[in-house]
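Report on the following structure.
Residue numbers (UniProt numbering): 1 to 583.
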């Protein structure tokens with residue numbers, strides 16, 4: 001049942017060989033793998049003249065799978081698989097040589113697969129010849145010729161099918177290589193198209209970048225840049241500062257008037273890339289953060305009804321670089337202006353009422369009339385540093401033709417104001433809104449350009465107001481005139497004399513003995529003379545409190561509890577306020 005079979009000559013051997021070479025040549029003209037497979041089994045069927053032929057390819061798992069057939073066979077047979085090492089196919093693959101059997105199911109020399117044997121029985125396959133398909137010494141499959149009746153295969157038939165299989169294997173390998181090269185070429189073309197598209201993106205983005213750079217170098221501000229960018233890209237461009245407030249807007253159309261979604265801005269700030277999204281009305285919004293290193297400078301937003309392309313988003317990202325340079329330039333100019341404003345404010349407060357010619361000249365160059373600066377304001381915001389408050393006061397100073405800065409650790413503003421009380425309330429409302437936290441603003445009118453006195457009164461009053469428990473207020477110092485003795489520098493001697501006459505002995509006693517009888521009296525008056533609550537507040541025993549109160553009477557030289565204590569109460573309160581101002 002191997003290739004040693006009947007060698008009886010067959011008439012027309014030359015005709016068969018001619019047909020073999022003709023069919024082999026025809027195979028080489030085919031480029032598609034499926035076409036080559038179909039052609040192989042069709043020509044093999046014609047050459048050998050069996051009932052049907054089929055071709056099985058070897059998988060990576062060693063299983064032979066029927067991939068092409070010719071002749072009448074069932075769909076079940078066409079989908080059959082031959083397990084490794086079983087059937088005639090397993091023997092052909094293992095030996096890398098041709099083999100045949102006259103009766104497949106009856107032969108005992110093969111290792112049978114019950115599943116495949118069932119398919120063979122249903123198909124009526126009896127005699128079977130198989131030859132290997134070899135490519136560069138490697139078996140890739142097998143070609144089979146089959147009869148539905150028992151017969152022997154002659155040597156010339158085996159040789160003819162083997163020779164054809166050799167040519168077929170080469171043609172199949174060539175077709176595979178052709179398909180692989182064609183696939184590689186397609187990938188290369190796709191990659192080339194991608195490169196071309198990316199180059200177009202870069203060229204378009206670079207063009208936008210160069211245009212914006214020229215605008216900035218020509219002195220254009222954020223509004224000009226926004227307009228130019230909108231002209232290049234269409235839609236509406238919005239430039240926002242680091243706090244999300246609009247700096248400029250360019251472009252027009254239905255997209256204008258619709259704010260940039262906050263979540264989109266936050267996403268762009270988080271990723272550092274241009275982010276895009278669509279709202280419920282069909283508008284597309286894109287946002288790209290403006291950064292200088294790790295510092296966030298703002299955001300460029302873009303809105304229109306057409307979905308942005310990758311090229312558009314790249315252009316938007318490059319535009320942020322130019323806008324960032326513009327913001328840095330403006331910030332540097334603003335920082336310089338604010339520094340000069342702060343320096344001039346400090347000079348006016350320190351130098352006194354008589355401003356020098358140089359100071360007046362510097363003020364005029366900034367559009368400020370020193371003779372019009374008639375209020376000094378100091379401000380605090382809960383949880384904010386003085387520098388943060390000063391940054392907001394600078395904006396107000398520019399709008400009001402005034403000066404802002406930090407002096408002795410306090411945020412201060414010198415400005416013109418027809419109504420000091422209304423001005424204090426307006427600044428308070430603005431700081432309260434911008435910070436979203438309680439703010440304390442106190443304003444003092446300036447007399448005779450004495451900005452130093454006004455600053456001292458305002459800051460002193462601020463300490464008094466804090467001590468009194470106020471934390472969210474905008475007012476003038478006049479509202480607290482009752483406590484002016486504590487914060488008015490001109491009445492300091494007057495306050496000292498009053499305190500010396502009233503509680504001087506207690507102050508001396510506390511200083512010599514390191515006691516705090518003043519605090520005991522303050523607590524006593526604060527609790528309306530209730531001994532138990534006073535003792536609890538001081539965290540002392542009731543007897544200890546009584547002894548301290550008796551000692552106070554001894555130091556003062558009279559029984560203060562048996563007389564009108566209004567003057568003593570006022571003195572204690574003013575002393576506590578004086579300490580708060582000096583702290």
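Heads up, the beta-carbon is just placed ideally off N, CA and C, and yes, glycines get one too.
The model shown is predicted, which means the values in this text are computed figures rather than measured ones.
Problem set entry | DSSP bridge partner residues for residue 591 (one or two, in chain order) | As displayed, the chain neither begins before 1 nor continues past 583, which places residue 591 out of reach and without an answer.
For this session: From the DSSP output, in three-state form, read off residue 429 for me.
Result: Looking up residue 429 in the chain shown gives position 429. Three-state result, residue 429: helix.
Problem set entry | Reduced DSSP secondary structure (H/G/I, E/B, other) of residue 468 | Translated into positions along the chain shown, residue 468 becomes position 468. The answer is coil: DSSP assigns residue 468 none of H, G, I, E or B.
Exercise. Looking only at its own chain, which residues have a Cβ that is under 7 angstroms from the Cβ of residue 344, when we skip the five neighbours before and after it?
Worked result: Along the chain shown, read from residue 1 onward, the residue named residue 344 stands at position 344. Short of 7 angstroms from the beta carbon of residue 344, and not among the five residues preceding or following it, lie these beta carbons of its own chain, in chain order: 359, 362, 363 and 403.
For this session: With a floor of 4 residues, list each alpha helix (DSSP H) that falls wholly inside the region 260-296, ordered by position along the chain.
Result: You should have 262-271.
For this session: Look at the alpha carbon of residue 30 and the alpha carbon of residue 180, and state the distance between them as a whole number of angstroms.
Result: Stepping through the chain shown from its first residue, residue 30 is reached at position 30. Stepping through the chain shown from its first residue, residue 180 is reached at position 180. In this prediction, residue 30 scores a pLDDT of 47, lower than 50, which makes its location untrustworthy; no coordinate-derived value is stated.
Exercise. In its own chain, which residues sit with a C-beta less than 8 angstroms from the C-beta of residue 101, not counting the 5 before and 5 after it?
Worked result: The residue given as residue 101 occupies position 101 in the chain shown. Here the set comprises 1, 88, 107, 109, 110, 127 and 128.
Problem set entry | Minimum length 4: unbroken alpha helix (DSSP H) runs contained in the UniProt domain "GAF" (32-182) | Runs of the alpha helix (DSSP H) inside the UniProt domain "GAF" (32-182): 33-48, 75-78, 87-95 and 114-123.
Problem set entry | Sub-8 angstroms separation of residue 131 and residue 98 beta-carbons | Here residue 131 corresponds to residue number 131 of the chain shown, with the count starting at 1. Here residue 98 corresponds to residue number 98 of the chain shown, with the count starting at 1. Taking 8 angstroms as the Cβ cut-off, residue 131 and residue 98 qualify as a contacting pair.
For this session: Check each candidate in 463, 248, 469 and 476 and name the one with the smallest Cα separation from residue 422.
Result: Along the chain shown, one-based indexing puts residue 422 at 422. Each of 463, 248, 469 and 476 was checked against the Cα of residue 422, and the nearest Cα belongs to 476.
For this session: Evaluate residue 558 with the Cβ neighbour count: other Cβ atoms within 10 Å of its Cβ, from every protein chain shown; 16 or more gives buried, anything less gives exposed.
Result: As a first step, residue 558 must be located in the chain shown, where it is residue number 558. Classification for residue 558: exposed.
Problem set entry | Contact under 8 angstroms by Cβ, residue 434 with residue 366 | As a working mapping, residue 434 is identified with position 434 in the chain shown. As a working mapping, residue 366 is identified with position 366 in the chain shown. Not closer than 8 angstroms, so no.
Exercise. So is residue 280 buried or exposed if we call it buried at 16+ other beta carbons inside 10 Å?
Worked result: For the purposes of this step, residue 280 is taken as residue 280 along the chain shown, with counting starting at 1. By the neighbour-count criterion, in which 16 or more other beta carbons inside 10 Å mark a residue as buried, residue 280 falls on the exposed side.
For this session: Could you give the DSSP three-state label for residue 446: helix, strand or coil?
Result: Here residue 446 refers to the residue found at position 446 of the chain shown. Correct three-state label for residue 446: coil.
Exercise. For the candidate residues 521, 341, 317 and 140, whose alpha-carbon lies nearest to that of residue 94?
Worked result: Numbered from its first residue, the chain shown carries residue 94 at position 94. Ranking 521, 341, 317 and 140 by Cα distance to residue 94 puts 140 first.
Problem set entry | Alpha-carbon to alpha-carbon, residue 439 and residue 270 | The residue given as residue 270 occupies position 270 in the chain shown. The residue given as residue 439 occupies position 439 in the chain shown. Between residue 270 and residue 439, the C-alpha separation is close to 31 angstroms.
For this session: Tell me the start and end of each unbroken alpha helix (DSSP H) in the region 346-387 that is at least 4 residues and wholly inside, in chain order.
Result: Assignment of alpha helix (DSSP H) within the region 346-387, counting only whole runs of 4 or more residues, yields 357-365 in chain order.
Problem set entry | Best match in 525, 328, 502 and 448 for proximity to residue 354 [C-alpha to C-alpha] | The residue you call residue 354 lines up with position 354 of the chain shown. For residue 354, the nearest C-alpha among the options comes from 448.
For this session: Determine the contact status of residue 465 and residue 431, defining contact as a CB-CB distance below 8 angstroms.
Result: Numbered from its first residue, the chain shown carries residue 465 at position 465. Numbered from its first residue, the chain shown carries residue 431 at position 431. The beta carbons of residue 465 and residue 431 sit no closer together than 8 angstroms.
Exercise. Can you round the beta-carbon distance between residue 406 and residue 386 to whole angstroms, since I take them to be within the 8 angstroms contact cut?
Worked result: For the purposes of this step, residue 406 is taken as residue 406 along the chain shown, with counting starting at 1. For the purposes of this step, residue 386 is taken as residue 386 along the chain shown, with counting starting at 1. For residue 406 against residue 386, the beta-carbon gap comes to about 5 angstroms, under 8 angstroms, which counts as contact.
For this session: Give a yes or no on contact between the region 151-166 and the region 68-84, applying the rule of three or more CB pairs nearer than 8 angstroms.
Result: The region 151-166 is not in contact with the region 68-84.
Exercise. With C-beta atoms as the reference, is residue 240 less than 8 angstroms away from residue 276?
Worked result: Translated into positions along the chain shown, residue 240 becomes position 240. Translated into positions along the chain shown, residue 276 becomes position 276. In this structure, the beta-carbon distance from residue 240 to residue 276 does not fall below 8 angstroms.
For this session: Please name the residue, chosen from 341, 415, 57 and 338, that lies closest to residue 371 on a Cα-to-Cα basis.
Result: Looking up residue 371 in the chain shown gives position 371. Out of 341, 415, 57 and 338, 415 has the C-alpha closest to the C-alpha of residue 371.
Problem set entry | Proximal residues to residue 282 (C-beta, below 8 angstroms), its chain only, five neighbours per side dropped | Residue mapping note: residue 282 aligns to position 282 of the chain shown, counting from 1. By the criterion of a C-beta distance shorter than 8 angstroms, residue 282 is surrounded in its chain by 305, once the five residues flanking it on both sides are discounted.
For this session: Go ahead and pull the three-state DSSP assignment for residue 406.
Result: The count along the chain shown starts at 1 and reaches residue 406 at position 406. Assigned with DSSP and collapsed to three states, residue 406 falls in strand.
Exercise. Does DSSP put residue 420 in a helix, a strand or coil?
Worked result: Within the chain shown, the letter at position 420 stands for residue 420. Correct three-state label for residue 420: helix.
For this session: Could you tell me which residues DSSP pairs with residue 303 in its beta bridges?
Result: If you number the chain shown from 1, residue 303 lands on position 303. The secondary-structure analysis by DSSP pairs residue 303 across a beta bridge with 236 and 285.
Problem set entry | Beta-carbon gap between residue 268 and residue 292 smaller than 8 angstroms | Locating residue 268 in the chain shown gives position 268, where the first residue counts as 1. Locating residue 292 in the chain shown gives position 292, where the first residue counts as 1. No, the pair does not count as a contact, with Cβ atoms beyond the cut-off.
Exercise. If we ignore side chains and look at the alpha-carbon of each, how far apart do residue 135 and residue 187 end up?
Worked result: Position 135 of the chain shown, counted from the start, is the residue given in the question as residue 135. Position 187 of the chain shown, counted from the start, is the residue given in the question as residue 187. Straight across, the Cα-Cα distance linking residue 135 with residue 187 is about 26 angstroms.
Exercise. Thinking C-beta only, is residue 274 closer than 8 angstroms to residue 317?
Worked result: Looking up residue 317 in the chain shown gives position 317. Looking up residue 274 in the chain shown gives position 274. Yes, they are a contact pair.
Problem set entry | Exposure label - residue 335; buried when at least 16 CB within 10 Å | Along the chain shown, read from residue 1 onward, the residue named residue 335 stands at position 335. So residue 335 ends up on the exposed side.
For this session: Work out the CA separation of residue 474 and residue 429 for me, nearest whole Å.
Result: On the chain shown, residue 429 is found 429 positions in, with the first residue counted as 1. On the chain shown, residue 474 is found 474 positions in, with the first residue counted as 1. Each residue's CA atom was taken as its position, placing residue 429 and residue 474 some 8 angstroms apart.
Problem set entry | Coil, strand or helix - residue 477 by DSSP | If you number the chain shown from 1, residue 477 lands on position 477. When DSSP states are grouped into helix, strand and coil, residue 477 belongs to the helix group.
Problem set entry | Cβ distance (whole Å) where residue 376 is taken to contact residue 458 below 8 angstroms | Here residue 376 is taken as the residue at index 376 of the chain shown, counted from 1. Here residue 458 is taken as the residue at index 458 of the chain shown, counted from 1. In this structure residue 376 touches residue 458 by the C-beta definition: roughly 5 angstroms separates them, less than 8 angstroms.
Exercise. Got a sec? Which residues, its chain only, sit under 8 angstroms from residue 560 by beta carbon, not counting five neighbours each side?
Worked result: In the chain shown, counting from the first residue as 1, residue 560 sits at position 560. When the five nearest sequence neighbours on each side are left out, the beta carbons in the same chain lying within less than 8 angstroms of the beta carbon of residue 560 are those of 552, 553 and 568, in order along the chain.
For this session: From the DSSP output, read off the bridge partner residues of residue 441.
Result: To locate residue 441, count along the chain shown from 1; it is residue 441. Paired residues: 379 and 474.
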